[in-house]
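Written below as structure tokens is the structure these notes are about.
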Amino acid sequence: MSEAIHPAAIHHLPGFITAPGQSDWLLSAVAIFLIVAVFALGTLYLRLHSLPEVMAHKTNKIQLELVAVLALLSLLTHNNILWGAALILALIDLPDFSSPLSSIAGSLEKIAGKVVDQPAAAQRPVAEAEEAADEPHPLPRALPGHGHASPAQPSTEGKA
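Here's what the structure looks like:
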């Protein structure tokens, strides 16, 4: 401020008051601080809302989808009770009822004679299946002491 100070102005001006036509460094610093603070608080807020989902994902909980939906709903609706429910569900371990029930269903399908769909990873490629179809299959043999003969062996029952 090399220019002469206006006679109506006080003689000792604070450092953040600039001369006409000069850039205001305090306004620029506050604007940059506010932008950084908004991004930092937003990141903290989003990480806090995804905390139950991350906790459930790390421990491979069965209720992961339910926890994720509750956390997302609490984020969008600002209902803290949903976030609390998601956090509680992420902390507790629910028993796995679906695996035994699917095993029972698969066993019942085998007993009933229905075809059970095999997973894609367990199926053989087509070329291997065709090679296996060309090979002759061995005939079943009877276990010793059971009296059942295989079709390759003639039956000796009833002949005395």
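In this text, residue positions in the sequence shown follow my numbering: the first is 1, and each later residue adds one. In this text, a Cβ means the ideal position worked out from N, Cα and C, and glycines have one as well. Computed from a prediction, not measured in an experiment: that's the story for all the values here.
Continuous alpha helix (DSSP H) stretch holding residue i: start and end
i           : result
residue 84  : 80-91
residue 114 : That residue, residue 114, is in no alpha helix (DSSP H); it is neither H nor E in DSSP.
residue 18  : Per DSSP, residue 18 belongs to no alpha helix (DSSP H) and is neither H nor E.
Three-state secondary structure assigned by DSSP to residue i
i           : result
residue 33  : helix
residue 105 : helix
residue 10  : coil
residue 61  : coil
residue 97  : coil
residue 71  : helix
residue 23  : coil
residue 40  : helix
residue 28  : helix
residue 4   : coil
Neighbour-count burial assignment, residue i, 16 or more Cβ in a 10 Å radius
i           : result
residue 103 : exposed
residue 25  : exposed
residue 56  : buried
residue 7   : exposed
residue 162 : Residue 162 is absent from the model: the chain starts at 1 and stops at 160.
residue 109 : exposed
Among the options, the one whose alpha carbon lies nearest that of residue i
i          : options         : result
residue 66 : 48, 49, 85      : 85
residue 47 : 75, 59, 34      : 75
residue 30 : 16, 43, 20      : 16
residue 95 : 44, 63, 114, 79 : 63
residue 61 : 93, 71, 68      : 93
residue 87 : 72, 77, 99      : 72
residue 49 : 23, 82, 36      : 82
residue 58 : 91, 108, 35, 43 : 91
residue 20 : 33, 4, 11       : 4
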